[in-house]
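Novice:
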Amino acid sequence: MDKNLIYVNLLSENPERLTKFYADVVGLNPIEPTADPATETWYGFDTGHTKFAIEPMSNRDAYDFDYAKRSPFLIQFRAGTLQELTEWTEKLEKGGVKLGQRMVKKSYGTATTFADPDGNLIEILYRG
1003 MDKNLIYVNL
1013 LSENPERLTK
1023 FYADVVGLNP
1033 IEPTADPATE
1043 TWYGFDTGHT
1053 KFAIEPMSNR
1063 DAYDFDYAKR
1073 SPFLIQFRAG
1083 TLQELTEWTE
1093 KLEKGGVKLG
1103 QRMVKKSYGT
1113 ATTFADPDGN
1123 LIEILYRG
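Once you know that position 37 of the sequence shown is 1039 in my numbering, the rest is easy, because the numbers rise by one and skip nothing.
1) Closest by CA to Y1053, which one among I1033, N1061 and F1067?
2) Less than 8 Å between C-beta atoms, sequence neighbours within five positions excluded: which residues of the same chain meet that for L1084?
3) Does the Cβ-Cβ distance between E1125 and L1076 come in under 7 Å?
4) Where does N1016 sit, in a helix, a strand or coil, going by DSSP?
5) Helix, strand or coil for V1010? Go by DSSP, reduced to three states.
6) When you compare only the Cα positions, how much space is there between W1090 and L1007?
7) Does the beta-carbon of V1099 have 16 or more other beta-carbons within 10 angstroms, so that it is buried, or is it exposed?
8) Give me whichever residues DSSP pairs with Y1128 in a beta bridge.
9) Can you tell me where the beta strand (DSSP E) holding G1043 begins and where it ends?
Next up, the structure:
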């Protein structure tokens, strides 16, 4: 059985603002937004092997089961080198992002941690 994580999707009450943050401040490369005008809008990013996307919370209004609409979780991006982590961290700071942790050495690598405009916890990790 294939157990690779292939997709992470953030639901947002303001997907345009969040999409702009991930493109302009975090530096992710947007994929053309996919839209079915009658139903859903989706904003994707090129992040390598795992797809990362943002969509309006209203896309899930028809779900008739309970799910945690405001559950905190951590999204982690990988920096390939310590220099890349340094550059990414500096880009965030220049973009006005308040860092929770700036290049902190942990047992599993060196990480910069911050929250996005919706309050999602984001970590950029270098494992060297």
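Ideal placement from N, C-alpha and C gives every residue a C-beta, glycine not left out.
Specialist: Judging by the given coordinates:
1) Residue identity differs from the one stated: residue 1053 is Lys in this sequence, not Tyr. That would be I1033, whose Cα lies nearest to the Cα of K1053.
2) T1112, Y1128 and G1130
3) yes
4) coil
5) strand
6) 24 Å
7) buried
8) T1112
9) Residue identity check: residue 1043 is Thr in the sequence provided, not Gly. Residues T1043 to D1048.
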